[in-house]
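Okay, so here's the structure we're looking at.
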Amino acid sequence: MSHPFSVILPSGEAWIPHFVDSLDEQKCIGCGRCFRVCSRGVLQLLGIDEAGDHVPLDDDDEEEDEHEKKVMTIAHRGLCVGCTACAKICPKGCYTHAAAQV
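Numbering-wise (full-length UniProt numbering), the sequence shown opens with residue 1 and increments by one.
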């Protein structure tokens, strides 16, 4: 039985996309690897200020160390296509993904 969101690959195998469900900000080191592999605009790198609040980064901030920490966030979950590239490249295992529910 096929899943409602499965795709049949040329090999005949069924592929089920697993969409980004959550990102563990406590594990995230803000390296940006996941951001670079996601071509869909799902993720956003933010700074964390001294109070622990998310703050936007200026274009110049990505190279500077003006914030206590930088962390990746899920900005546009609905743009995820379920490829799981972000989880595959994440060195800290920050991501969880789930198949779509109908």
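C-beta: ideal position from N, C-alpha, C; glycine also.
Residue i bridges to which residues according to DSSP?
{"i": "T73", "result": "Q44"}
{"i": "L23", "result": "Y95"}
{"i": "A14", "result": "I8"}
So which of the options has the shortest CA-CA distance to residue i?
{"i": "V37", "options": "I48, A99, M72, S6", "result": "M72"}
{"i": "G30", "options": "S39, D21, H54, V7", "result": "H54"}
{"i": "G78", "options": "I8, E25, R40, A85", "result": "R40"}
{"i": "K27", "options": "G93, A99, H97", "result": "G93"}
{"i": "F19", "options": "P91, V81, A87, I8", "result": "V81"}
{"i": "D49", "options": "I74, E68, E25, L57", "result": "E68"}
{"i": "Q101", "options": "D21, L9, I8, E13", "result": "D21"}
{"i": "C83", "options": "S11, P10, Q44, A99", "result": "A99"}
{"i": "H76", "options": "E25, G12, I8, L43", "result": "L43"}
Less than 8 Å between the CB atoms is what I'm expecting for residue i and residue j, so what's the real figure, rounded?
{"i": "F5", "j": "P17", "result": "6 Å"}
{"i": "L45", "j": "G32", "result": "6 Å"}
Does any C-beta atom of chain D lie closer than 8 Å to the C-beta of residue i?
{"i": "I48", "result": "Checking the listed chains, one finds no chain D in this structure; it contains a single protein chain."}
Let me confirm a value: residue i is counted as buried when at least 16 other C-beta atoms fall within 10 Å, else exposed. Which label applies?
{"i": "L70", "result": "Going by the sequence as given, residue 70 is Lys instead of Leu. Buried, because 16 or more other Cβ atoms sit within 10 Å of the Cβ of K70."}
{"i": "G47", "result": "buried"}
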